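A quick write-up on the structure given underneath.
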Amino acid sequence: MHKTKKIIFFAYVTLVFYLTLLPQENFSKLSTIRELGIFFEIDNFDKVVHCGMFGMMTILLFIAYKIRNLRLMIIPFLVSFLIEILQGVLTSLHRSFDFVDLMANLSGIALAYIAITYYLQHKKTQ
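Going by UniProt numbering, the first residue of the sequence shown is number 1, and it counts up by one from there.
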């Protein structure tokens with residue numbers, strides 16, 4: 001079971017790399033929600049997605065490796081930073097390094113860390 005959790009974590013990281021390194025034209029209408037008859041634009045929706053993706057990565061890392069201190073934030077941040085660097089270097093993607101994306105990623109990582117810390121403290125008191 002422990003090996004399965006690690007496989008899920010690495011599969012998720014691979015998915016994040018794939019999605020974030022797709023050429024920009026594949027995401028021209030990503031901020032439009034057309035589910036269940038809802039149709040509206042959300043400004044900067046991609047920042048919410050970044051926050052969620054890296055928050056989930058942090059949670060999956062915790063589940064797979066049981067890291068319980070600030071080191072838990074290092075791997076997702078390094079992945080995030082590497083992706084932004086690659087977006088800036090690989091010009092064929094029509095993407096660029098975006099500091100605001102990096103901050104959204106870090107926000108997701110920090111929120112997940114806070115949630116995990118709260119969970120662990122609450123679990124100890126029971």
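Quick reminder that beta carbons are idealized off the backbone N, C-alpha and C, glycines included. Computed from a predicted structure; not experimentally measured.
Three-way DSSP call (helix, strand, coil) for residue i in this model
i    : result
H122 : helix
H94  : coil
D46  : helix
N69  : coil
P23  : coil
M1   : coil
Rounded C-alpha distance that separates residue i from residue j
i    : j    : result
I74  : K3   : 21 angstroms
Q24  : L78  : 22 angstroms
S80  : T125 : 34 angstroms
G108 : F45  : 14 angstroms
T117 : D43  : 31 angstroms
R68  : S96  : 33 angstroms
L93  : L22  : 7 angstroms
K98  : V49  : It should be noted that the sequence gives Asp, not Lys, for residue 98. C-alpha separation (whole angstroms): 14 angstroms.
Cβ-Cβ separation, residue j to residue i (assumed contact under 8 angstroms), whole Å
i    : j   : result
I114 : L60 : About 16 angstroms separates the two Cβ atoms, so there is no contact after all.
Residue j beta carbon less than 7 angstroms from that of residue i
i    : j    : result
T14  : I83  : no
K5   : I63  : yes
M53  : V89  : no
A104 : K66  : no
G55  : L106 : no
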